[in-house]
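Colleague: Heads up, the sequence shown is in our numbering, so the first residue is 9 and it goes up one at a time. The beta-carbon is built from N, C-alpha and C at its ideal position, and this holds for glycine as well. Note that the coordinates shown come from a computational prediction; the quantities given were computed from them, not determined experimentally.
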Amino acid sequence: FELGSYQYGKALKTALYSRHPDVLVSTFEELVRRGAVHVALNNQNDRTIVRVLRFATHYVEKPQFTDTMLVVFETVFDIYSAYVGKSAFFHREILNAQKKIGASLAVMQRMERSMGIMEMIVHSE
Numbered sequence: 009f010e011l012g013s014y015q016y017g018k019a020l021k022t023a024l025y026s027r028h029p030d031v032l033v034s035t036f037e038e039l040v041r042r043g044a045v046h047v048a049l050n051n052q053n054d055r056t057i058v059r060v061l062r063f064a065t066h067y068v069e070k071p072q073f074t075d076t077m078l079v080v081f082e083t084v085f086d087i088y089s090a091y092v093g094k095s096a097f098f099h100r101e102i103l104n105a106q107k108k109i110g111a112s113l114a115v116m117q118r119m120e121r122s123m124g125i126m127e128m129i130v131h132s133e
């Protein structure tokens, strides 16, 4: 596998085009563990980055993947924010990702408030 030989970009593309979500998630998790997400995502074409965004957008709400997907989003935004205005296709996907992250954050905030209320009830007895 390409991760062993430090071919992070190639490993990412292989996982991305494998069409197996578990392979891609574990590849991202390993890239995060190695601190290599930036290296893997750098110098990719817009189609590849859009596939990454769509995947991350789909899996960001799953609690076991949220932290990893947020690292992916942050890295994509860090590397490719300058290209947003140059590709309508890419721009649209960035906007979709932004909306999804915003919606996910709103749900998490509501859950956090509910947890606070539940803690108050439990500790008041």
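How many Å lie between M126 and V115 at the Cα?
Modeller: Their backbone Cα atoms lie some 16 angstroms apart in a straight line.
Colleague: Does DSSP put F85 in a helix, in a strand, or in coil?
Modeller: Note: F85 maps to helix in three-state DSSP.
Colleague: For K108, report the span of its alpha helix (DSSP H) as first-last.
Modeller: Looking at the DSSP string, the run of the alpha helix (DSSP H) that includes K108 is 96-131.
Colleague: Going along the chain, which residues of its own chain have a beta-carbon closer than 7 angstroms to the beta-carbon of S112, five neighbours each way excluded?
Modeller: Taken in chain order, the residues that qualify are V68, E69.
Colleague: Can the beta-carbon of A48 be found closer than 7 angstroms to that of L78?
Modeller: Going by C-beta atoms, A48 is not nearer than 7 angstroms to L78.
Colleague: As a quick exercise: from T22, E38, I109, pick the residue whose alpha carbon is nearest that of L61.
Modeller: When each option's Cα is compared against that of L61, the closest is I109.
Colleague: Taking the C-alpha atoms as reference points, what is the distance between H99 and M128?
Modeller: Approximately 44 angstroms, taken between the alpha carbons.
Colleague: Going straight from the alpha carbon of E82 to that of Q106, what length do you get?
Modeller: In a straight line, the C-alpha of E82 is about 11 angstroms away from that of Q106.
Colleague: What runs of the alpha helix (DSSP H), each 4 residues or longer, lie entirely inside the stretch 9-60?
Modeller: 16-24, 29-42, 45-49, all fully within the stretch 9-60.
Colleague: Flag this pair as yes or no: are the beta carbons of A44 and Y16 separated by less than 7 angstroms?
Modeller: In contact: A44 and Y16 (Cβ atoms closer than 7 angstroms).
Colleague: Taking 7 angstroms as the threshold (C-beta atoms), are T76 and E37 in contact?
Modeller: Yes. Within cutoff.
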